[in-house]
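Encoded as structure tokens, the structure appears first; notes follow it.
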Amino acid sequence: MSARTALVNAARGLVKSYGQRLPKCGTQQVGRELAAALSTKLREVLEPLLKEIESLNEGIKEYDARMEKIAKEVYPEGSLLKQVKGVGTQIALTYVLTIEDPHRFLKSREVGCFLGLKPGRRNCGESEPQKSISKEGDRYLRTMMVQGAHYILGPFGADSDLRRWGLKLAERGGKNAKKRAVVAVARKLAVLLHQLWVSREVYEPLRNSQKALRAVA
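So in numbering that gives the first Met the number 0, the last one in the sequence shown is 216, and the numbering has no gaps at all.
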């Protein structure tokens, strides 16, 4: 997918250098049809690049279909994790295959440490400023958790306790506030997925918020 993104960015850059623009859309929608409104000369220059992007899109669709089939037939527990909006088949399958046995962790919060998503603390007198995360453990799964966190906090993220909590962190200000919020949500997402896997419960995205409302009613 990174190769496709690089080609799409190259195509957009090339078009921009000619003083024109490709319509806004997702990378999976980029193809020769998208260049219909461009000048004939630019279409000719752009065609080999767009053709390669179309080929990659078809290949990715094929692999996605295979992955869905494997997940459904061999790793049905992934459906428990996909209850969380922002967790697709790729993230769920990566999580299940990396963790392997959820009972290896006595507590769900240990997963955050296992993936290197827990920040350390630096003692400075009375204050304990937060250090960077350790980045230990499986790098790819950590990347998947961060990707899921970006979706949860993004414009298409569904309303949930996790999203609300992350957005509050991002609002605290400072140039790194949003980045810290993404990492914090990624860590909580890793913990949440472990809890769902072990408990096999139906996910309630606003459970904590609803409890708080009932408490003051």
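Here a beta-carbon is modelled for each residue, glycine too, at the ideal position from N, C-alpha and C. From a predicted model like this one, the values you see are computed outputs, not experimental measurements.
Residue i vs residue j beta-carbon contact at 8 Å
{"i": "residue 80", "j": "residue 86", "result": "yes"}
{"i": "residue 136", "j": "residue 113", "result": "yes"}
{"i": "residue 180", "j": "residue 165", "result": "yes"}
{"i": "residue 96", "j": "residue 51", "result": "no"}
{"i": "residue 90", "j": "residue 147", "result": "yes"}
{"i": "residue 116", "j": "residue 182", "result": "yes"}
{"i": "residue 45", "j": "residue 10", "result": "yes"}
{"i": "residue 65", "j": "residue 190", "result": "no"}
Rounded C-alpha distance that separates residue i from residue j
{"i": "residue 157", "j": "residue 150", "result": "9 Å"}
{"i": "residue 178", "j": "residue 169", "result": "8 Å"}
{"i": "residue 74", "j": "residue 195", "result": "15 Å"}
{"i": "residue 72", "j": "residue 61", "result": "17 Å"}
{"i": "residue 120", "j": "residue 28", "result": "Note that residue 120 scores 48 on pLDDT, short of 50, meaning its location in the model is unreliable and no value can be drawn from it."}
{"i": "residue 36", "j": "residue 208", "result": "48 Å"}
{"i": "residue 8", "j": "residue 41", "result": "16 Å"}
{"i": "residue 57", "j": "residue 155", "result": "25 Å"}
{"i": "residue 171", "j": "residue 152", "result": "15 Å"}
{"i": "residue 106", "j": "residue 31", "result": "51 Å"}
{"i": "residue 145", "j": "residue 1", "result": "16 Å"}
{"i": "residue 43", "j": "residue 63", "result": "31 Å"}
{"i": "residue 26", "j": "residue 12", "result": "14 Å"}
{"i": "residue 206", "j": "residue 53", "result": "42 Å"}
{"i": "residue 159", "j": "residue 167", "result": "12 Å"}
Neighbourhood of residue i by C-beta, 7 Å cutoff - its chain only, sequence neighbours within 5 removed
{"i": "residue 187", "result": "161"}
{"i": "residue 101", "result": "193, 196, 197"}
{"i": "residue 67", "result": "88"}
{"i": "residue 111", "result": "117, 186, 189, 190"}
CB contact below 8 Å: residue i versus chain B
{"i": "residue 89", "result": "Absence of chain B from the displayed structure is noted, only one protein chain being present."}
Cut-off 8 Å between Cβ atoms - residues of its own chain near residue i, not counting five sequence neighbours on either side
{"i": "residue 123", "result": "Confidence in residue 123 is poor, its pLDDT being 47 and thus under 50, which makes the residue's placement unreliable; the coordinate value appears in the next sentence. Contacts found: none."}
{"i": "residue 126", "result": "For residue 126, the predicted model reports a pLDDT of 43, less than 50, meaning its position is unreliable; a value from the coordinates is still stated below. Hits under 8 Å: none found."}
{"i": "residue 38", "result": "17, 19"}
{"i": "residue 33", "result": "21, 22, 24, 49"}
{"i": "residue 210", "result": "none"}
{"i": "residue 141", "result": "114, 115, 116, 134, 185"}
{"i": "residue 143", "result": "89, 90, 93, 94"}
{"i": "residue 163", "result": "208"}
Close beta carbons around residue i, own chain, < 6 Å, minus the five adjacent residues each side
{"i": "residue 55", "result": "3"}
{"i": "residue 139", "result": "none"}
{"i": "residue 84", "result": "157"}
{"i": "residue 173", "result": "none"}
Contact test: residue i Cβ vs the ligand GDP heavy atom, cutoff 7 Å
{"i": "residue 28", "result": "This structure simply doesn't include the ligand GDP, nor any ligand for that matter."}
- Query: Do the segment 192-206 and the segment 64-81 meet, that is, are 3 or more Cβ pairs less than 8 Å apart?
  - Reply: yes
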